[in-house]
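In terms of the UniProt record's numbering, the sequence shown has 244 at position 244, counting the first letter as 1, and numbering is strictly consecutive.
Note that the Cβ used here is the ideal one computed from N, Cα and C, for glycine as well.
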Amino acid sequence: MTFDDDPVIIPVPLEKRIAEYPVEPPQFHDRSIPFPKVSDAAYKTVIPKILHRSWKTANIPPAMQQWTKSCSDLHPDWQVNAHRDEMNRELVRVYYPWFLPVYDSFELNVMRADAARVFYMHKFGGVYMDLDFECLRPLDSLLNEATALLGYLSDDWQYEHNIPNAWMASKPNHKFWEFTARLMQFNPHDPELNQSHAEYMTGPVMLYHAYYKWAFRHENSPDLDYRVTVLNSDLIYPFDWHSRSTWYSYCWARSKAYDPELCKKKMDVMGKRSYVVTYWSHSWEKLEKNPKPFIVRG
Numbered sequence: 001m002t003f004d005d006d007p008v009i010i011p012v013p014l015e016k017r018i019a020e021y022p023v024e025p026p027q028f029h030d031r032s033i034p035f036p037k038v039s040d041a042a043y044k045t046v047i048p049k050i051l052h053r054s055w056k057t058a059n060i061p062p063a064m065q066q067w068t069k070s071c072s073d074l075h076p077d078w079q080v081n082a083h084r085d086e087m088n089r090e091l092v093r094v095y096y097p098w099f100l101p102v103y104d105s106f107e108l109n110v111m112r113a114d115a116a117r118v119f120y121m122h123k124f125g126g127v128y129m130d131l132d133f134e135c136l137r138p139l140d141s142l143l144n145e146a147t148a149l150l151g152y153l154s155d156d157w158q159y160e161h162n163i164p165n166a167w168m169a170s171k172p173n174h175k176f177w178e179f180t181a182r183l184m185q186f187n188p189h190d191p192e193l194n195q196s197h198a199e200y201m202t203g204p205v206m207l208y209h210a211y212y213k214w215a216f217r218h219e220n221s222p223d224l225d226y227r228v229t230v231l232n233s234d235l236i237y238p239f240d241w242h243s244r245s246t247w248y249s250y251c252w253a254r255s256k257a258y259d260p261e262l263c264k265k266k267m268d269v270m271g272k273r274s275y276v277v278t279y280w281s282h283s284w285e286k287l288e289k290n291p292k293p294f295i296v297r298g
């Protein structure tokens with residue numbers, strides 16, 4: 001698959017997004033928390049060339065390996081940080097000890113995995129993506145576009161899953177991640193949240209509300225450490241799982257009709273100029289061991 005050039009990054013106008021945001025954001029108590037300062041003097045781009053991947057153990061399921069290889073092949077000069085559960089806890093223990101009681105108290109392990117992603121972004125910077133992402137083009141051209149990047153799933157602005165935490169990019173020390181960490185710290189004490197729902201505690205719904213609460217206060221800040229850009233869905237999430245399109249079964253990794261090449265053709269990832277695509281495997285353990293292969297052409 002060959003792309004002639006890179007798309008122009010044009011975020012959706014904030015006025016439109018905020019106009020559809022369903023809840024007026026509360027004023028958070030902005031107390032001081034000791035976030036570690038890390039040097040970014042050595043980075044030649046705003047966002048460093050670090051690719052973060054995470055799995056429970058060092059043994060990545062076979063179904064994930066072909067997807068991860070597509071990204072490694074397109075980013076040969078990038079540093080790859082392969083995180084495991086015990087490494088995630090150590091990251092929190094050493095650098096964010098104030099969060100460790102919350103981290104250990106989470107009801108589900110997926111909540112801890114979600115939370116760790118926020119700290120990858122703050123401590124190291126770089127790009128985090130789930131293991132079920134296929135890379136379609138090098139991400140390098142995004143690295144100087146903004147100091148923090150997220151992606152929209154669709155143009156359904158009121159859908160609370162509309163800013164997934166499956167793909168995130170940032171420079172280290174970005175203030176948005178400090179705010180997001182404080183929100184995750186607060187959520188276990190929110191009586192209106194179901195403590196068993198990872199999506200609301202630490203996942204995409206949490207990130208959706210964190211972004212809009214942040215944008216109300218800092219979107220026009222002259223300090224780039226406060227600016228967050230959310231990319232058009234075509235660039236990061238061309239497969240919108242919640243729309244249930246006619247080609248949904250070709251694109252969902254757990255479907256019997258899953259066919260990644262047909263999926264990409266139906267989605268027109270070349271026309272959309274997509275950088276990546278995720279097949280939303282969700283329950284990774286249930287994926288077949290030898291899914292249909294896909295072809296990556298540089």
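Next item on the list: Answer yes or no: do L149 and T57 have a C-beta to C-beta separation smaller than 8 Å?
Entry: no
Margin query: Three or more C-beta pairs under 8 Å: does that hold for the region 131-140 against the region 264-279?
Written below: yes
Checklist line | Terminal residues of the alpha helix (DSSP H) in which N88 lies | finding: 85-95
Note to self: If you reduce the DSSP assignment to three classes, tell me which class I47 lands in.
What the structure shows: DSSP, reduced to helix, strand and coil, places I47 outside both helices and strands of the structure shown, so it counts as coil.
Note to self: Less than 8 Å between CB atoms is the rule here; does G126 satisfy it with respect to chain B?
What the structure shows: The structure shown contains no chain B; it is built from a single protein chain.
Note to self: Can you confirm whether the region 167-177 touches the region 113-133 when touching is taken to mean that 3 or more C-beta pairs between the two stretches lie within less than 8 Å?
What the structure shows: yes
Notebook entry, point to check: Could you give the residue range of the alpha helix (DSSP H) that holds V269?
Noted result: 269-272
Check: Where do the ends of the beta strand (DSSP E) carrying W167 lie?
Finding: 167-170
Check: At what residue ranges does the region 138-226 contain a whole run of the alpha helix (DSSP H), taking only runs of 4 or more?
Finding: Fully enclosed alpha helix (DSSP H) runs of 4 or longer: 175-186, 198-201, 204-218.
Next item on the list: Label F216 either buried or exposed according to how many other C-beta atoms from any shown protein chain fall within 10 Å of its C-beta, with 16 as the threshold for buried.
Entry: exposed
Next item on the list: Kindly give me the distance between the Cβ atoms of H161 and Y208, rounded to whole angstroms, as I take these residues to be in contact under 8 Å.
Entry: 7 Å
Check: Should V80 and M184 be called a contact, given that it needs their Cβ atoms to be closer than 8 Å?
Finding: no
Note to self: Taking the alpha-carbon of V110 as reference, which of P204, C263, Y250, D268 has the nearest alpha-carbon?
What the structure shows: Ranking P204, C263, Y250, D268 by Cα distance to V110 puts P204 first.
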